[in-house]
Amino acid sequence: MSPIFKCLICRKDIERSTRTFWNKKGHLLCSTCLDNIDKKKLNNEG
Ligand SMILES: [Zn+2]
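For my numbering, add 1 to where a residue sits in the sequence shown, where the first one is 1.
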């Protein structure tokens with residue numbers, strides 16, 4: 002069972018492994034927010 006963390010942006014509960022948590026230094030985002038950031042990056046670079 003994975004622990005539940007909160008997305009930094011939308012505060013949604015997300016299930017992540019503790020290893021991921023430490024890899025990201027506690028900066029966890031849900032997949033929706035990650036998608037949004039990816040889109041923004043594309044727009045900025047485009
Ligand atoms: Zn989110």
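Virtual Cβ for every residue (Gly too), placed ideally from N, Cα, C.
Query                                                                                            : Result
Terminal residues of the alpha helix (DSSP H) in which K1 lies                                   : Because the chain in this structure spans residues 2 to 47, residue 1 falls outside the shown range and cannot be described.
Residue environment, L30, which counts as buried when at least 16 other CB atoms sit within 10 Å : buried
At least three beta-carbon pairs within less than 8 Å, the segment 33-45 to the segment 5-12     : yes
Residues near T19 in its chain [Cβ-Cβ closer than 7 Å; skip 5 each side]                         : P4
Proximal residues to E16 (C-beta, below 7 Å), its chain only, five neighbours per side dropped   : S3, I5
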